[in-house]
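Input: a single structure, listed below in structure tokens.
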Amino acid sequence: MLEAAIPGIIFTAIWLPTKELEAALVASLAVAGAALLLRIVQRSSTQYVFNAIFGIGLGWVFVRWAESSGGSESDQALAFFLPGILISLGYTVVMGASCLIGWPVLGFMLGVATEDATGWHENKQVVRLCSRLTWVMLLPGAIGVLLQGPVWLLGHYDRIDTDVAVVIIAVLRTGLGWALRIGSWALMIWLLARNATPLEAPEGKAAESS
Numbered sequence: 032m033l034e035a036a037i038p039g040i041i042f043t044a045i046w047l048p049t050k051e052l053e054a055a056l057v058a059s060l061a062v063a064g065a066a067l068l069l070r071i072v073q074r075s076s077t078q079y080v081f082n083a084i085f086g087i088g089l090g091w092v093f094v095r096w097a098e099s100s101g102g103s104e105s106d107q108a109l110a111f112f113l114p115g116i117l118i119s120l121g122y123t124v125v126m127g128a129s130c131l132i133g134w135p136v137l138g139f140m141l142g143v144a145t146e147d148a149t150g151w152h153e154n155k156q157v158v159r160l161c162s163r164l165t166w167v168m169l170l171p172g173a174i175g176v177l178l179q180g181p182v183w184l185l186g187h188y189d190r191i192d193t194d195v196a197v198v199i200i201a202v203l204r205t206g207l208g209w210a211l212r213i214g215s216w217a218l219m220i221w222l223l224a225r226n227a228t229p230l231e232a233p234e235g236k237a238a239e240s241s
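When you line the sequence shown up against my numbering, it's residues 32 to 241, in that order.
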């Protein structure tokens, strides 16, 4: 899972001292490619590596967009981080909305695992648990957006130095971001362990069995 964070670290570490955007982007992609090759050799999951490569691709598109809009090198570097903020915002909205309407995202993940896409929704206890887990899962992304979004805007509109904004976002994403994810996983595990009791059967099925 470190592969998802490494491209941003590499990009920032190369771009800040050199201001070479092409070198920073190529280095990020090269590291992700090496990680992909290693995963293939090890025959382990490549999911997070492909996520990283996809993120680099999106970052490159936004860098080019900033360049075509007449942005400086600093503006282009800041644009590299915008897709991650927008994606986190999208995930937060979707997962939060799924809980509010009573069909939490984690429930569908459970449905995929049990090969019954919507059967879990018949059990209120499962729905409650999945809602709690979904809220916990979205917290790191939501906090990241609340912290990184204003910094990005301040840098974009020259309220703070763009280089400073890039560094702050990189630190928030890699440092605080990973701490929040680890805390989120730990809380999810605790919730699952606390609810590791036989689930109550739906009322209709309980009546049938009696």
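Ideal placement from N, C-alpha and C gives every residue a C-beta, glycine not left out.
- Taken through DSSP and simplified to helix, strand or coil, residue 153 comes out as helix.
- DSSP places residue 104 in the helix class (H, G or I) of the three-state scheme.
- Non-local C-beta neighbours of residue 213 in its own chain, meaning closer than 7 Å and more than five positions away in sequence, are absent.
- The three-state reading of DSSP puts residue 83 in helix, counting H, G and I together.
- Here residue 58 carries a helix assignment [DSSP, helix/strand/coil].
- Following the DSSP letters along the chain, one finds residue 206 in no alpha helix (DSSP H), marked with neither H nor E.
- Inclusion of residue 201 and residue 186 in the CB contact set at 8 Å is not warranted, their separation being larger than that value.
- Nearest to residue 219 by alpha-carbon distance, out of 175, 40, 204, 137, is 137.
- Assigned with DSSP and collapsed to three states, residue 123 falls in helix.
- For the pair of segments examined, the stretch 125 to 135 was found to touch the stretch 159 to 176: the number of CB pairs separated by less than 8 Å reaches three.
- Residue 109 holds the alpha-carbon nearest to the alpha-carbon of residue 91 among 109, 127, 224.
- DSSP, read as helix, strand or coil, puts residue 112 in coil.
- With a 10 Å radius around the Cβ and a threshold of 16 neighbouring Cβ atoms, residue 38 comes out buried.
- Residue range 193 to 202 is occupied by the alpha helix (DSSP H) that includes residue 196.
- Here residue 205 is not near residue 172, since their CB atoms are 8 Å or more apart.
- Distances from the alpha-carbon of residue 165 to those of 71, 149, 128, 211 put 128 closest.
- Residue 150 and residue 168 have their C-alpha atoms spaced approximately 22 Å apart.
- Looking at 121, 73, 114, 103, the one whose alpha-carbon comes closest to that of residue 193 is 103.
- Distance from the CA atom of residue 69 to the CA atom of residue 75, rounded to whole angstroms, is 9 Å.
- Between the alpha carbons of residue 215 and residue 208 lies a distance of about 10 Å.
- When C-alpha distances from residue 182 are compared across 211, 112, 125, 221, the shortest belongs to 112.
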